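Take the position in the sequence shown, starting the count at 1, then add 146; the result is the number in the working numbering. Note that beta-carbon positions come from the ideal geometry of N, C-alpha and C, so glycine has one too. In this text the structure is predicted, and so the values were computed from the model without any measurement.
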Amino acid sequence: MFRLTPLNILLLCLCMSLTGCGGSDGSQNTANNPVPSSPDSGNSNNGGTDNDAQNNNGGSIGDTPDDNTPLADQTFATPISTSRFLQQATFGTRPEDLASLTGKSASDWFTAQLKLPPSLIMPVVSEFTPPPTAEDDFNALYIESTSVAFWRNAIAGEDQLRQRMAFALSEILVVSNAGGEELTDIPEAVASYQDILIQHAFGNYRELLEAVTYSPAMGFYLTYMGNLKGDEVTGRMPDENYARELLQLFTVGVVALNPDGTPKRDQSGAVKELYTNQDITGLARVFTGLDMDYETSEETEVNEFALPMAVYPQNHSEQSKRFLGTTIAAGTGPKASVTQALDHIFAHPNVPPFVSKQLIQRLVMSNPSPDYVARVASAFSSGHATLPDGTTVGDGSRGDLTATLAAILFDSEARASAGVRGGKIREPILRFTQWARAFAIKNITPEYQEMLWDTRGAGMLGQHPYRSPSVFNFFRPGYTAPGSVSASNDLVAPELQITNASTITGYANFMTYYITGLQQEVDVEDLQAVYDEENIPLNAENAVESFLASYDAEQALAGDSDALINRLDLLLCAGQLSATSKQQIKQILQTVAQNDEAEPLRLVHLAILLVMTSPDYLVQK
């Protein structure tokens, strides 16, 4: 007799996933390989959307307005349209959100989110910081407290829009504590950086760039902390790392862009590169003389990694700094040099489309049409956007991120079902948070879940917040999988860069563990011994109840496969499960129920896993 064990559940899910890899409904399912070219790809794409595709509110993809005015406020008109919006704007849809928001104003929800106080990271780090009298100032939980805080805020934070925007920014302005040095051992470093992104998520991109520039985490990560002026005698040159990445990754990219994000080309069709190594050398002089603020740290007893870097004029280059067509005069001090440099870079015409397109990719779709990018870039430039109810958001200054975010989420292309060119691969992190929010997780206590302290392994999620392998994030915005359907259709699919045979099975295995509640089987005595050995001040008995899901509503539907699948489709897929996928899942559930006489809870576990490993789910449309 077939037994519904976790291993068999995993095998069934993998079969479901592999069955769907060739597409559903007889097609190759190019939506599984989403997206115009990224800022660093050099390819333009004017194909955009499928004009025959209808959005959830009855409008077609082709009904794209010429300005950045969003559609009428029908965003929350139906449960499906509500769920779809929340999957883009938050870390996952909750049943109570659908009940309270459907039929209401999405504009009101957006403005209410803007007013919520930020959920910050540093208080959680303080919660797990050993007292000064502790024999061992370091323990594993203290080191991993930034991850604990991220999962808490992502899953349970009320300020979902802010947290989601901060996470999107973290994948552009990358800092990582994966290196095993100070950024790993001193959690205040990355925690303070996380808080910079959270606090500036609705602010101004120019102000964010300044806060990032003075961040010790960024200074250490991109090696300009303690950067000394050049010395002609010894041949020492200022470190160029931050200067290069500030331009290439954080602001303007590599080639000149049109306002719609497509590369500018000359008469021969060649793109125009923006700068040379001489520009990088000149800009690098700006970022000399920045180092830890040891004096303030000593006076306030605040860890120096939690304070902005201070300037040390004696270490700052007195030479002129030439870059991007401007010159900062010789003898200009460090603060003035940084201000002038950031002002000049921020004023570059590439910044609005370059930043806007990447934010669209992180929140809505991998291959936005040039028109979509142009509309969002216009909101970035003007500092204004109009919500569906006519409310204007943004303070009117270039780089206003509230206006940019509103333009991204309420654009007609975002609200429509964008055909084969729309959508994006769901990041593994977002899949997990979506599950946790969809099923009323009890005891959101990641401190008891050592698996959540580092989910980078191929046998897990293959991704972890603020722990990318390099400043290029886990995936590049212009990545196209070689030989894939997306490549043949001139589409990019960034998240496929971390998708392979190991991560596919690892993700299924990871979700099996949590969906089926295997943490309840932990040996409390053994776990407590580990806690004691690693100086972790926790009671292992609490681990048994940590991250347990409530499936009461789903169990009530276990006897009706269609109803159960439809509920999961709404919560997890925003109604995008194909008829073929639904039928496949139904057949598996019915076969297992007949052969195994499985309890309702086990059928629910299997149904959730089948949905969350299906190709229809893995692509967010």
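With a Cβ-Cβ cutoff of 7 Å, do residue i and residue j count as a contact?
i    : j    : result
R583 : D557 : no
A695 : F585 : yes
F274 : S293 : no
Y388 : F451 : no
H494 : P480 : no
T397 : I491 : yes
Y842 : V321 : Within the shown structure, residues of the chain are numbered from 147 to 767, placing residue 842 beyond reach of any answer.
E700 : V757 : no
L716 : S229 : yes
A92  : R613 : Since the first residue shown for the chain is 147 and the last is 767, residue 92 is missing from the structure and cannot be characterised.
I474 : Q460 : no
G540 : A549 : yes
Q766 : K503 : no
G349 : D437 : no
List the endpoints of the continuous alpha helix (DSSP H) containing residue i.
i    : result
T427 : 423-430
T330 : 328-331
I661 : 647-661
K503 : 497-509
T548 : 547-556
T442 : 440-446
T579 : 574-584
I754 : 746-758
I644 : Careful: I644 lies outside any alpha helix (DSSP H) and carries neither H nor E.
T228 : 225-235
Y625 : No alpha helix (DSSP H) holds Y625; DSSP gives it neither H nor E.
T485 : 480-492
I711 : 707-714
V617 : From DSSP, V617 is part of no alpha helix (DSSP H); its letter is neither H nor E.
V668 : No alpha helix (DSSP H) contains V668, which DSSP labels as neither H nor E.
G365 : 362-367
P241 : 241-247
DSSP beta-bridge partners for residue i?
i    : result
E353 : DSSP, once it has assigned bridges, lists no residue as partnering E353.
K732 : Partner(s): none; K732 has no beta bridge.
L456 : Checking the displayed sequence, the identity of residue 456 turns out to be Ala instead of Leu. In the DSSP output, where bridge partners are listed per residue, A456 has D437.
T408 : In DSSP, T408 forms no bridge with anything.
I571 : V765
L694 : K588
E419 : V401
A531 : V539
Residue i to residue j, Cα distance in whole Å?
i    : j    : result
L752 : Q733 : 12 Å
E447 : E353 : 26 Å
G471 : K250 : 50 Å
V510 : D517 : 15 Å
A627 : P640 : 8 Å
Q768 : Q220 : This structure cannot speak to residue 768, because the chain is shown only from 147 to 767.
P499 : D706 : 48 Å
G542 : S527 : 9 Å
N712 : G721 : 8 Å
H346 : A739 : 51 Å
L703 : P333 : 44 Å
Q340 : Q736 : 46 Å
I426 : V668 : 53 Å
L488 : L355 : 8 Å
S632 : L576 : 22 Å
A686 : G365 : 38 Å
V676 : P277 : 20 Å
L637 : I344 : 31 Å
Q465 : F656 : 54 Å
A560 : S253 : 15 Å
S173 : A531 : At S173 the pLDDT is 35, less than 50, meaning the model places this residue with poor confidence and gives no usable figure here.
V519 : V690 : 47 Å
Y288 : Q424 : 43 Å
G415 : P409 : 10 Å
P574 : A553 : 26 Å
A476 : E386 : 19 Å
F222 : T239 : 13 Å
T224 : L714 : 16 Å
G435 : V400 : 27 Å
P269 : S563 : 40 Å
L247 : M606 : 34 Å
In the DSSP assignment, the beta strand (DSSP E) including residue i goes from what residue to what residue?
i    : result
R468 : 467-469
I474 : 472-474
- prompt: Of all the alpha helix (DSSP H) runs that stay within the bounds of the segment 376-404, which reach a length of 4 or more residues?
  reply: Unbroken alpha helix (DSSP H) runs of no fewer than 4 residues, entirely contained in the segment 376-404, are found at 387-391, following chain order.
task: Report the residue ranges of all beta strand (DSSP E) runs contained in full by the segment 251-308; include only those spanning at least 3 residues, in chain order.
output: Listed in chain order, nothing qualifies, since the segment 251-308 has no complete beta strand (DSSP E) run of 3 or more residues.
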